[in-house]
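Have a look at the structure below, then the notes.
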Ligand code: 5GP
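In the working numbering, the protein residues as written are 273 to 476.
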């Protein structure tokens, strides 16, 4: 038996750890988990599509979204702004569907204040050296940006204690399997189901 509300799942972890790849594989394997498309002021990378990877916005448009309370959370990351559109998240969980937010740690903390019942998962790189080589391998960042991202990554690792689960991304398929197991277990949590079971008992 499932509870009526969908799960709000937050996946964080240092940039370059493979959140995008893991989320993409998760979406392919599990169509029950919907994906929250963030708004950002950063430029699209090659191959990124507006409305699929991000909603690409100007700084002015982003500021308007903040002022009009359209964002569940937002954060400045390196030199750009990123935020989660509120309506889609609320509608999805109210409809009983699970949603995953792939966001950095400051934003995740804001979501946790608002949705303490959310499921917070921290994706870990096997090592910091591996992380740097993944960012370098992506070939989209300058040396200066890579160093900035590594500094942020070290600070992000310290934030792990705010999460409920830690998943190592040694292999994408294994990381996806671990996340799916977490989601299954969360759906079986007594605290999420007890009210529904009590109602059933009353009907009997
Ligand atoms: P990237 O520029 O590599 O796509 O993303 C940079 C960082 O911003 C990543 O850690 C990514 O998870 C995070 N991010 C993406 N969307 C959001 C969002 O809506 N809110 C917050 N707080 N972080 C986000």
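Beta carbons: idealized from backbone N, C-alpha and C, even for Gly.
Quick one: grab the DSSP three-state call for residue i.
i	result
residue 419	helix
residue 352	strand
residue 287	coil
residue 430	helix
residue 309	coil
residue 469	helix
residue 454	helix
residue 375	coil
residue 381	helix
residue 413	coil
Which residue's Cα is closest to the Cα of residue i: the options?
i	options	result
residue 419	403, 431, 430	403
residue 391	305, 315, 348, 359	305
residue 401	452, 422, 285, 369	422
residue 350	469, 365, 378, 383	378
Looking only at DSSP bridge pairs, what is residue i linked to?
i	result
residue 322	326
residue 370	305
residue 338	According to DSSP, which records beta bridges pairwise, residue 338 is partnered with nothing at all.
residue 357	343
Spell out whether any CB of chain B is found under 8 Å from the CB atom of residue i.
i	result
residue 331	Looking at the structure shown, chain B is missing, and only one protein chain is on hand.
Confirm the yes/no value for this check: CB of residue i, any heavy atom of ligand 2, distance under 7 Å.
i	result
residue 301	Ligands in the displayed structure: ligand 1; ligand 2 is not one of them.
Original post:
Just checking, does the region 338 to 349 make contact with the region 316 to 327 on the three C-beta pairs under 8 Å criterion?
Top reply: no
Original post:
For the region 406 to 415 against the region 450 to 468, are there 3 or more C-beta pairs whose distance is under 8 Å?
Top reply: no
Original post:
Counting pairs of Cβ atoms below 8 Å between the region 364 to 384 and the region 305 to 319, do you hit three or more?
Top reply: yes
**OP:** Specify whether the region 385 to 399 and the region 280 to 289 touch according to this definition: at least 3 beta carbon pairs, one from each stretch, less than 8 Å apart.
**Re:** yes
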